[in-house]
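First to last, the protein sequences are chains F and H.
Note that my numbering has the first sequence beginning at 1, numbered continuously upward.
Note that my numbering has the second sequence beginning at 236, numbered continuously upward.
Quick reminder that beta carbons are idealized off the backbone N, C-alpha and C, glycines included.
Notes follow once the structure below has been shown.
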Amino acid sequence: MFKYFQPNRIFSITSKAPKYVFILFVIVLSIGLVEALILSPEDYKQSHSVRIMYVHVPAAWITLGIFSSMTLLSVIGYIFKIRNFFLISKSLAASGLVFNIIALVTGSIWGKPTWGTWWAWDARITSMLILSLFYIMYLLVWRIYKDDEKAFKISSIITILGIINVPIIKYSVDWWNTLHQSSSINILSKSSIHSSMLLPLVIMTAAFALFSLLIFLMKYNTELIKIKNKGLDRL
Amino acid sequence: MYGRKVKLRFFFILSILLILVLSVFLILKSLEENVIYFQSPSEIKSLPEILKKKIRVGGMVKDNSVTLKAKELKFVITDFKNEINVIYSGAIPNLFEEGKGVVAEGFLKDKNFFLATKILAKHDENYMPPEVKAAIEEK
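In structure tokens:
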């Protein structure tokens with residue numbers, strides 16, 4: 001059914017989309033930054049260093065979201081042999097890794113004034129570092145294996161291995177004693193973050209999601225162009 | 236509806252996932268001692284013997300327990316069931332405060348006495364502006 005697709009038809013949409021996504025990203029990011037850096041209040045305890053959170057938390061959410069989507073796409077792609085899904089997954093990976101590194105670095109910058117250390121080998125931080133290794137392995141597979149079939153298979157296996165880590169990252173702060181605080185935003189119970197601080201967090205998440213979409217579209221277009229150059233009219 | 240091969244691949248992925256979850260669970264279970272970042276005073280109390288190696292103790296800094304004399308910081312870590320006395324000299328993180336979370340790294344002298352070589356402030360998950368905090372305290 002959705003096994004075949006026309007690269008040309010998709011390309012006609014995805015080649016025009018980036019410039020609109022970019023404009024939207026700039027708008028949302030500007031609003032988000034003004035909210036996060038100027039309009040939102042300082043924290044009662046950590047004062048202005050709370051503003052690091054508006055980059056740290058959205059980056060962490062996006063990187064987890066991207067890895068989960070990559071796994072879902074790879075698994076469905078593997079079971080139903082849909083090549084397009086592997087290409088979408090491949091195009092998503094780069095921005096996932098970037099946000100993973102941003103989350104680690106901003107966490108470290110926040111940790112120094114707050115905890116008194118740049119780095120701690122606690123469960124949350126270590127599992128986040130492991131996620132970045134999975135991203136790197138995933139991206140390396142596409143570099144190493146020139147044979148598509150092999151790359152599809154091995155990259156899928158890496159996402160499946162890596163996905164086990166995702167619930168560990170999420171629940172590490174509840175399962176074990178960690179230096180990292182437990183989550184402030186809960187869907188089922190009351191959030192322990194004030195609404196004036198929640199707003200910039202949501203806007204920044206939207207901005208980062210748009211950025212990922214932008215990078216994804218650019219990467220995906222490259223993949224489509226590669227297919228066209230091979231002279232294939234369908235995948 | 237779907238072909239035999241599709242089903243086969245589906246169950247292949249499913250079994251890989253199950254085996255992985257199980258093995259990761261067992262690994263983490265057996266490594267639990269290393270996965271936890273710090274122990275509570277109650278866990279220290281229930282230790283069969285005094286550990287010689289470096290450990291971390293975490294909990295709340297007990298109210299009115301902090302004294303600073305000749306660059307020597309003394310305070311009590313509590314988990315509201317048990318307590319442990321801590322002695323430390325060195326850099327103190329900004330967020331170190333009575334009634335807030337703390338993690339101390341160092342050596343146990345005995346079950347009530349801990350010699351810290353490093354202390355870290357543990358931040359909780361509450362974020363709010365100072366005015367809101369003041370309003371809560373007034374109540």
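The beta carbons of F:L129 and F:L104 sit about 7 Å from each other, so the pair counts as a contact at 8 Å. Judged by beta-carbon spacing, F:F11 lies beyond the 9 Å limit of F:F67, meaning their Cβ atoms are not closer than that value. For H:K289, not one C-beta of chain F is nearer than 9 Å to its own C-beta.
Per DSSP, F:R9 lies in no beta strand (DSSP E) segment; the continuous alpha helix (DSSP H) that holds it begins and ends at P7 to T14.
Per DSSP, the beta bridge partners of H:E340 are H:R291 and H:K353. Taking a beta-carbon distance threshold of 9 Å, F:L37 does not count as an interface residue toward chain H.
Between the segment 107–122 of chain F and the segment 28–42 of chain F there are fewer than three C-beta pairs closer than 8 Å, too few to call the two in contact.
Separation of the CB atoms of H:P276 and H:E318 is rounded to 6 Å, and the pair is thereby assigned contact status at 8 Å. Assignment of alpha helix (DSSP H) within the segment 90–161 of chain F, counting only whole runs of 4 or more residues, yields 123–144 in chain order. F:I215 is positioned such that its CB atom lies no closer than 9 Å to that of F:V28. Distance from F:L217 to F:A17 at the Cβ level is roughly 5 Å; contact confirmed, criterion being Cβ atoms closer than 8 Å. For F:I185, the three-state secondary structure derived from DSSP is coil. Proximity of chain H to F:E42 at the Cβ level (cut-off 8 Å) is accounted for by P364 and P365, in chain order. By the C-beta criterion, the segment 74–82 of chain F is judged not to be in contact with the segment 164–171 of chain F, since fewer than 3 inter-stretch pairs fall below 8 Å.
Short of 7 Å from the beta carbon of H:N269, and not among the five residues preceding or following it, lies no beta carbon of its own chain.
Taking H:I271 as reference, the option from F:V21, F:P58 and F:S172 with the minimal CA-CA separation is F:S172. Around the beta carbon of F:D148, fewer than 16 other beta carbons lie within 10 angstroms, which makes this residue exposed. Take the alpha-carbon of H:F331 and the one of H:L261: they are about 36 Å apart. Within the model, the alpha-carbon separation for F:T14 versus H:F246 is close to 34 Å.
Shortest Cα-Cα distance from F:A93 to any of F:V55, F:V26 and F:T71 involves F:T71.
For F:L161, the residues of chain H that pass the 8 Å Cβ criterion are L255, in the order they occur in the chain. A contact between stretches requires three or more CB pairs, one per stretch, nearer than 8 Å, and the segment 320–334 of chain H fails this requirement with the segment 138–153 of chain F. Ranked by Cα distance from H:L303, the first of H:M295, H:K297, H:I322 and H:F315 is H:I322. A distance of 9 Å or more separates the beta carbons of F:K81 and H:N361.
For H:F310, same chain residues with a beta-carbon under 6 Å away, outside a window of 5 residues either side, are V296, S300, V301 and V321 in chain order.
Within a 10 Å sphere around the beta-carbon of F:V26 sit fewer than 16 other beta-carbons, which makes this residue exposed. In the same chain as F:I31, and ignoring 5 residues on each side of it, the C-beta atoms closer than 7 Å to its own belong to I203, in chain order.
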